[in-house]
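S.K.: The structure under discussion is supplied below as structure tokens; questions concerning it will follow.
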Amino acid sequence: HATKLPVILYWWDLIECIASIFNHPLFHNHMDFTSHKVYTMVQKLSQVYTEWMAGDHAWDMQSALPCGATLFGTILSLDKTCITTLTGDHVAHPLLLSLVNIHMS
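In structure tokens form, the structure reads like this:
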């Protein structure tokens, strides 16, 4: 498609970005490296699903991995953002990245 102005693409290698998140001190003690199950009682009658790593699907996927391997889930989201103040009514489409291993709280 023809554009009025040149399109500028800013990018960062996805693996480097994920490694940066894993190595960030803010998340140091707030990550799960294995799936887990949480129950409301000792009898395990009612399972609690508070985070993705506590779900049955994560448990099943982790069980299928070789011993010592870690389940690693990424969340990618794309959102149109208007940038008006400094760019003269331009639009950006940033790709937002998060990891399911990070605790929600």
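Under my numbering, residues -12 to 92 are what the sequence shown spells out, in order.
Backbone N, C-alpha and C define an ideal beta-carbon position, used for all residues, glycine too.
Just so we're clear, the structure is a prediction, and the values are computed from it rather than from any experiment.
Give the secondary structure of isoleucine 2 by DSSP, where H, G and I count as helix, E and B as strand, and everything else as coil.
M.R.: Reduced to three states, the DSSP call for isoleucine 2 is helix.
S.K.: Helix, strand or coil: which one does DSSP assign to histidine 90?
M.R.: coil
S.K.: Report the residue from Ala51, Tyr36, Cys69, His90 whose alpha carbon sits nearest the alpha carbon of proline 81.
M.R.: Cys69
S.K.: Given a cut-off of 8 Å on the beta-carbon distance, is the pair leucine 86 and glycine 55 in contact?
M.R.: no
S.K.: May I ask you to report which of helix, strand or coil DSSP gives serine 22?
M.R.: coil
S.K.: Could you tell me the distance, in whole angstroms, from the CA atom of threonine 37 to the CA atom of leucine 58?
M.R.: Taking the CA atoms as reference points, threonine 37 sits about 17 Å from leucine 58.
S.K.: To test your reading of the DSSP string, which unbroken alpha helix (DSSP H) runs of 4 or more residues are found completely within the segment 34 to 75?
M.R.: 43 to 51
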